[in-house]
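Engineer:
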Amino acid sequence: PILMTSLAFILGVLPLAISHGAGAGARQSVGTGVMGGMMAATFLAIFFVPTFFKWLVDRRLSEKRTAKEIHDEAAKHQHELSTKPKVMDGEI
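Okay, so the sequence shown: first residue is 15 according to the working numbering, each after it adds one.
Spelled out as structure tokens, the structure:
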């Protein structure tokens, strides 16, 4: 879905980037900037985001935690889930 959307947008801006006639310089500048930005954003979304996510997951998994720490953290989250949200209490 990322590539389909990005390619549709990039190809939709292509006539703007290769325009001719009156005011073509301004249109070409805008078209080139938008097309280049979208190509860069697509590249980042396809390659950088998954790589960064994998790095974060690997970093998290490499942390040494004892069973007690894991149990305490799970109990804390369970308590947070079992309490009524502040929105329901009218506090927010």
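Every residue gets a Cβ at the ideal spot worked out from N, C-alpha and C, and that includes glycine.
Classify Met49 as buried or exposed, calling it buried when 16 or more other Cβ atoms lie within 10 Å of its own Cβ.
Structural biologist: By the 10 Å Cβ count, Met49 comes out buried.
Engineer: Hey, how far is the Cα of Ala81 from the Cα of Thr97?
Structural biologist: Approximately 25 Å between the Cα atoms of the pair.
Engineer: Answer yes or no: do Gly45 and Leu30 have a C-beta to C-beta separation smaller than 9 Å?
Structural biologist: In this structure, Leu30 lies closer than 9 Å to Gly45 by Cβ.
Engineer: To the nearest angstrom, how far is it from the Cα of Gly35 to the Cα of Ser76?
Structural biologist: Their Cα atoms are separated by approximately 60 Å.
Engineer: State the Cα-Cα distance for the pair Arg117 and Pro15, rounded to the nearest angstrom.
Structural biologist: Lying before the first or after the last residue shown, residue 117 is absent from the chain, which here runs from 15 to 106.
Engineer: Compute the distance between the beta-carbons of Ser20 and Thr65, then report whether it is under 9 Å.
Structural biologist: No.
Engineer: Which value, in whole angstroms, describes the spacing of the CA atoms of Glu94 and Arg79?
Structural biologist: When rounded, the distance between both Cα atoms is 21 Å.
Engineer: Could you compute how far the alpha carbon of Leu17 sits from the alpha carbon of Asp86?
Structural biologist: Roughly 43 Å between the two C-alpha positions.
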